[in-house]
Amino acid sequence: MPPVFFPDAEEPTSLRLPPPLVGKSGFSLMASASLISDTEPWKDLKEHVNEINKTHLRDLLNDVERSQSMMVENDGIILDYSRQRARLDTIDKLFKLAEAAQLRQKIDRMYNGEHINSTENRSVLHIALRAPRDKNFYSDGKSVVPDVWNVLDKIKDFSERVRNGSWVGATGKALKDVVAIGIGGSFLGPLFVHTALQTDPEAAECAKGRQLQFLANVDPVDVARNIKGLNPETTLVVVVSKTFTTAETMLNARTMREWISSALGPQAVAKHMVAVSTNLVLVEKFGIDPANAFAFWDWVGGRYSVCSAVGVLPLSLQYGFPTVEKFLNGASNIDAHFHSTPFEKNLPVLLGLLSVWNATFLGYPARAILPYSQSLEKFAPHIQQVSMESNGKGVSIDGIPLPFETGEIDFGEPGTNGQHSFYQLIHQGRVIPCDFIGAIRSQQPVYLKGEVVSNHDELMSNFFAQPDALAYGKTPEQLLLENVAAHLIPHKTFSGNRPSLSLLLPSLNAYNIGQLLAIYEHRIAVEGFIWGINSFDQWGVELGKVLASQVRKQLHVSRTKGEPVQGFNVSTTTLLTKYLE
Ligand code: F6P
-4 MPPVFFPDAE EPTSLRLPPP LVGKSGFSLM ASASLISDTE PWKDLKEHVN EINKTHLRDL
56 LNDVERSQSM MVENDGIILD YSRQRARLDT IDKLFKLAEA AQLRQKIDRM YNGEHINSTE
116 NRSVLHIALR APRDKNFYSD GKSVVPDVWN VLDKIKDFSE RVRNGSWVGA TGKALKDVVA
176 IGIGGSFLGP LFVHTALQTD PEAAECAKGR QLQFLANVDP VDVARNIKGL NPETTLVVVV
236 SKTFTTAETM LNARTMREWI SSALGPQAVA KHMVAVSTNL VLVEKFGIDP ANAFAFWDWV
296 GGRYSVCSAV GVLPLSLQYG FPTVEKFLNG ASNIDAHFHS TPFEKNLPVL LGLLSVWNAT
356 FLGYPARAIL PYSQSLEKFA PHIQQVSMES NGKGVSIDGI PLPFETGEID FGEPGTNGQH
416 SFYQLIHQGR VIPCDFIGAI RSQQPVYLKG EVVSNHDELM SNFFAQPDAL AYGKTPEQLL
476 LENVAAHLIP HKTFSGNRPS LSLLLPSLNA YNIGQLLAIY EHRIAVEGFI WGINSFDQWG
536 VELGKVLASQ VRKQLHVSRT KGEPVQGFNV STTTLLTKYL E
């Protein structure tokens, strides 16, 4: 097939092969590297599963001392992991595993800015994005915190000017609507935080009269939904892309650029489009003034970028910078906790170790994220990317194929909606470890006269009840005592012994939302550190992109020159031909 020239299509620059796994001397590094599964603590835990299989949560929960020691608090956030299928000696064994995996050293290496993302030769420093001004985190010998604050100050200034009407659109109108274009890590985190802040009274007050929307999918339906009811004169478009090459984002950016320039003239783009990227050269090439570009850095992974300009810019435009600063402070609180708290009281460490226990040793492949809060409805979709893109790996960081599975299948919905959807399977079908997340205070309390409890108490009654239903279940003997008909007893029996953990937050303000985000980010890092994988690359998403680009080229030549489909297998050729007809 002759090469086809696409004027505006750019190949992802990240399409580089990882460095060969050969040491300087020419010997393969694989031979000397070892796997965590070869260590004694791992083998001990494997054996220990037989012990745990003899227990039932019904009995484990009778042990008051055990339950009390399985409750940990940090800054008002309580983690209760007493409903895990674990005894106190299980936790000790997990700490031994952490030691064998050099968890402490790996956390330190991350905080020291070492290039722990070895296949991309990068530091992993999203913690620096929320560091106080006077703290330092170093990458390649240079503190990155001053650069972070330069961008934060620029965002503060720009968002204030847009919000107070001193930055106006091409026709002199204030820009009250923002459309953030981005996908994956350049979308899911900001969407989660926006959805959570929307109903926080303090944040909502700051967002009065303003609108923030997200355009992610290249499906033209998503563009149509976004521009419905929008006036280009009052709209600011923020193009968010770490690489500024992602096909979907760039096509959506071109579509929105066309929407603005056809309504207001090409010169309007300068006033109505800004960008967030690590690739400022491509931002300028696209036609956005570099002065209106907000940088971040290659030491920020896409899925860990919500605290960079990726999230901070659109959220500051909507809620004002001071609200977003509270969110950053919450994340920073957990960063300090994760770095300095002994493992026994360390929320992300405990959560990460328990996830490894469930996924690898007990063999539960999935994990349900169940926030009892509608404002957290986009939390599970965000964590899905952070977790599954980070830990869905098949080889160790040294390139050795793993003899065990890593990662979990994450999914979730807010309670109580989920209860009326998939909980049947969780209670009587497959065993799926659950994260129950709740808040003591509602963002929007409602007390109806004459009702037994407030609406929030009603919601939280379920938050407290579900973990026990899963743990205790219901026996045939109990059903007999309740005079349940014999033929229904098997159907109404609940085996119980289904693990869950509960995270209770004081409330869901900007600060707590930042804490929740950082707890999960670090938990996922802990899991990867234990499994011995690289949680910070994502080579698995590249192949599909390459194949899509071949199809794109085929569609172009078939549509413009009438050339038949060629170079694909029978299945794809038939489908493509049908599509082109
Ligand atoms: O889906 C793959 C991915 O590279 C993610 O890791 C990333 O968050 C997303 O695409 C978007 O990338 P970018 O911000 O470069 O447009």
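In this text, residue positions in the sequence shown follow this note's numbering: the first is -4, and each later residue adds one. Every residue, glycine too, gets a C-beta built ideally from N, C-alpha and C.
Backbone CA spacing between residue i and residue j [nearest angstrom]
i	j	result
Gly21	Asn116	Since pLDDT at Gly21 reaches only 36, below the 50 mark, its modelled position is unreliable, and the value read off the structure follows with that caveat. Approximately 20 Å between the Cα atoms of the pair.
Arg99	Arg128	26 Å
Asn145	Cys302	14 Å
Gln423	Phe489	6 Å
Asp3	Pro559	Only weak support exists for where Asp3 lies, its pLDDT of 36 falling under 50; the value from the coordinates is given anyway. Asp3 and Pro559: Cα-Cα distance of roughly 24 Å.
Leu499	Val67	11 Å
His451	Glu109	45 Å
His332	Lys487	44 Å
Leu550	Leu575	8 Å
Ile392	Ser113	8 Å
Glu155	Glu320	14 Å
Asp463	Arg493	9 Å
Ser32	Val441	51 Å
Val344	Ile404	20 Å
Leu542	Val536	11 Å
Ser161	Gly167	10 Å
Glu253	Ser544	23 Å
Ala286	Leu56	59 Å
Glu446	Gly523	47 Å
Ala460	Ile432	13 Å
Ile72	Leu259	50 Å
Gln561	Lys101	49 Å
Ala481	Tyr467	21 Å
Asp54	Ile421	20 Å
Asn353	Pro396	21 Å
Gly557	Lys573	14 Å
Phe458	Gly413	12 Å
Phe563	Lys540	16 Å
Gln438	Val232	29 Å
Ser118	Ile111	6 Å
Arg82	Lys49	12 Å
Arg547	Phe239	19 Å
Exposed unless 16 or more other CB atoms sit within 10 angstroms - verdict on residue i
i	result
Phe153	buried
Gln379	buried
Ala126	buried
Thr555	exposed
Met65	buried
Thr8	Note that Thr8 scores 37 on pLDDT, short of 50, meaning its location in the model is unreliable; the coordinates nonetheless yield the value given after this. Exposed is the call here.
Asn507	buried
Gln533	buried
Ser368	buried
Leu183	buried
Test item: CB-CB of residue i and residue j under 8 Å
i	j	result
Gly177	Ser236	yes
Leu538	Leu348	no
Ser300	Gly387	no
Glu51	Gly358	Correcting the residue identity first, residue 51 is His in this sequence and not Glu. No.
Ile514	Leu346	yes
Asn221	Glu243	no
Leu371	Asn69	no
Cys429	Thr318	no
Asp284	Ala263	no
Thr411	Leu465	no
His43	Gly296	no
Ala288	Val278	yes
Thr230	Asp172	yes
Pro185	Val269	no
Integer-rounded CB distance, given that residue j should sit under 8 Å from residue i
i	j	result
Ala219	Val234	Not quite, the Cβ-Cβ distance comes to about 19 Å (not below 8 Å), so this is no contact.
Leu74	Leu496	7 Å
Leu503	Asp195	7 Å
Ala93	Ile525	7 Å
Gly584	Asn324	Here the chain covers residues -4 to 576 and nothing more, so residue 584 does not appear.
Ser654	Ser385	The chain is shown only over -4 to 576; residue 654 falls outside these bounds and no answer can be derived.
Gly407	Ala375	3 Å
Ala95	Gly527	Rounded, the Cβ-Cβ distance is 10 Å, inconsistent with contact.
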